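Protein chains: 2
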Amino acid sequence: MGRRNEHSREQQREMAIAAAELLLIREGMAGCSMRKVASAIGYTVGQLYLLFKNQDELFVVLNERSADAVYTALRDEIDEVPDSAEAIRLAARAYIAFARRHPNRWRLLFEHRLPEGAEVPKANLRKVQRLFGLIEARLQDLLPGADAQELRLETTALWSGVHGVAVLAQTNKLNWSGIDDYGLLTDRLVQAFI
Amino acid sequence: MGRRNEHSREQQREMAIAAAELLLIREGMAGCSMRKVASAIGYTVGQLYLLFKNQDELFVVLNERSADAVYTALRDEIDEVPDSAEAIRLAARAYIAFARRHPNRWRLLFEHRLPEGAEVPKANLRKVQRLFGLIEARLQDLLPGADAQELRLETTALWSGVHGVAVLAQTNKLNWSGIDDYGLLTDRLVQAFI
DNA sequence: TGGTTAAATAAACACCATTCATTTTGGTGG
DNA sequence: CCACCAAAATGAATGGTGTTTATTTAACCA
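Right, dumping it as structure tokens:
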């Protein structure tokens, strides 16, 4: 063909993103090839490269959406929880639950690396910080005496730990220890901090 | 060629593993293609497939070696440290140091997944448990009252946390928080448990 | 020396990301 | 109404990947 003008560039981009996300969920990163995405939206590979500079750009967009989804899940979970200790516990559990419920999106989000020179877009960084802020605010509640720097350290240490549980839960690499109750594990980790 | 009989099967296997490890360290997972490994040892791809069932088998062997290296690094670090609290602190720091010093081997070790049906070899599982045991023994020192199950939970929670710091340190994904002193972060995490 | 057989190769298949010359076609000016 | 232009889309090509297999080579043995 050539020039059919059925969809605008922006429409095509949205179609591609939606199709890619579906492929990612169903088949993982490997199933999310440019060829498959292109054919899923009824176009050829060449056209896909007019919508995205390359595959990395498509992946970055997918990760932006995943980061949003994580943030939303956590925020909704603790939105109306008055007790900050309980809120942190619930947020940690929700974080791990997300990793387990959406393993392929999670893997792309945390395992995909841009080539040497490329920078992670600021938008994506801000999305992570936003999630982070959610926890920091609650931790501040619990540690009224801590200054900004202490609080930052505390939050980072706590959430790195929670992230670790999520990573291991997602990869089943915890079968070393025989423990399969990730909720209990999470609670213990959070409890160590509050 | 054909039948040169320069090296035994086992020799070729060792050569291939060594070459693959070098390629992995230098160029990462992507640089560790079967073609590159084969040409690095002066054979063709076909021959490599007589030494390894497939690429996954080669990767599993590389990971076995990486797991050994991590274990050795930790054991040497805390071998003669009498104070268990200090030993755990040092072990955690050594774990993170390894992740930062050997990013490509680390990534293969924790990001490589076998296809659906395949099982991780028992040898590799045992190597992880061995590392785990190193920590559990020290933690037992510090928590004399804990029963086996509690101890296991405690160890798993602690080391999942340490693993999380290692993951994030290795990927620089902690630039969200501005904290770049991973040692300090590790200490704080460990301190929360002991 | 000739035959057998193990060892190694080379070529093939089916994918992959990426690029770009070529074709198609909608829209516009005459 | 038609011819032209430029945008849109294609399809083929390049060089890479893992994996399989028919074929060739050479070492050894009778």
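Chains as they are written, first to last, in the working numbering: chain E, 22 to 215; chain L, 22 to 215. Just so it is clear, CB atoms sit at the ideal spot from N, CA and C, and this is done for glycine as well. Because the structure is a prediction, the values reported are computed rather than measured.
Residue-chain proximity (residue i, chain L), Cβ-Cβ < 9 Å
i	result
Thr177(E)	yes
Leu210(E)	yes
Gly52(E)	no
Ser198(E)	yes
Ala167(E)	no
Leu164(E)	no
Residue i at chain E interface by Cβ criterion, 9 Å
i	result
Lys194(L)	yes
Ala213(L)	yes
Gln161(L)	no
Gln150(L)	yes
Arg173(L)	yes
Member of the options whose CA lies at the smallest distance from the CA of residue i
i	options	result
Ala39(L)	Ile99(L), Phe153(L) and Arg126(L)	Arg126(L)
Ala37(E)	Gln68(E), Gly23(E), Met50(E) and Ala167(E)	Gln68(E)
Glu78(L)	Val183(L), Ser105(L), Leu44(L) and His133(L)	His133(L)
Glu98(L)	Tyr116(L), Asp89(L) and Glu137(L)	Tyr116(L)
Leu130(E)	Ile46(E), Arg34(E) and Leu71(E)	Ile46(E)
Glu174(E)	Thr192(E), Glu48(E) and Phe153(E)	Inspection of the sequence shows that residue 174(E) is occupied by Leu rather than by Glu. The shortest Cα separation from Leu174(E) among Thr192(E), Glu48(E) and Phe153(E) belongs to Phe153(E).
Ile62(E)	Gly185(E), Thr207(E) and Arg34(E)	Arg34(E)
Val91(E)	Thr177(E), Gln32(E) and Ala187(E)	Ala187(E)
Asn84(L)	Asp202(L), His123(L) and Leu111(L)	His123(L)
Gly204(L)	Leu172(L), Ala120(L), Leu146(L) and Arg151(L)	Ala120(L)
Gly185(L)	Val211(L), Ser29(L) and Gly49(L)	Val211(L)
Phe80(E)	Pro103(E), Ala112(E) and Leu43(E)	Leu43(E)
Tyr76(E)	Met50(E), Asp89(E) and Thr93(E)	Note on residue identity: the sequence assigns Gln, not Tyr, to residue 76(E). That would be Met50(E), whose Cα lies nearest to the Cα of Gln76(E).
Pro103(E)	Arg159(E), Val58(E), Arg114(E) and Leu189(E)	Arg159(E)
Ala108(L)	Ala190(L), Asp89(L), Gly52(L) and Gln161(L)	Gln161(L)
Thr207(L)	Asp168(L), Asp89(L), Ala106(L) and Val58(L)	Ala106(L)
Cross-chain neighbours of residue i in chain E, by beta carbon under 8 Å
i	result
Val186(L)	Ala178, Ser181, Gly182 and Gly185
Within chain E, partners of residue i - CB distance below 7 Å
i	result
Leu111(L)	Those do not exist, as Leu111(L) stays about 17 Å from chain E at its closest Cβ, beyond 7 Å.
Glu132(L)	Glu132
Chain L contact residues for residue i, given Cβ-Cβ distances below 9 Å
i	result
Phe153(E)	Trp197 and Ser198
Leu206(E)	Leu174, Thr177, Ala178 and Ser181
Burial state of residue i, where buried means 16 or more other Cβ atoms lie within 10 Å
i	result
Thr65(E)	exposed
Leu155(E)	buried
Thr101(L)	The sequence given here has Glu at residue 101(L), not Thr. Flag for Glu101(L) reads exposed.
Glu137(E)	exposed
Ala41(E)	buried
Ser198(L)	buried
Glu140(L)	exposed
Arg25(L)	exposed
Glu157(E)	buried
Ser181(E)	buried
Glu16(L)	Residue 16(L) falls outside the range modelled here, since chain L spans only 22 to 215, and no answer is possible.
Lys148(L)	buried
Arg209(E)	buried
Ser87(E)	buried
Leu95(L)	buried
Leu72(L)	buried
Gly166(L)	exposed
Gly177(E)	It should be noted that the sequence gives Thr, not Gly, for residue 177(E). Burial call: buried.
Ala144(L)	exposed
Leu179(L)	buried
Arg30(L)	exposed
Arg128(L)	buried
Thr93(E)	exposed
Gln32(L)	exposed
Under 8 Å by beta carbon: chain L residues contacting residue i
i	result
Leu189(E)	Ser181 and His184
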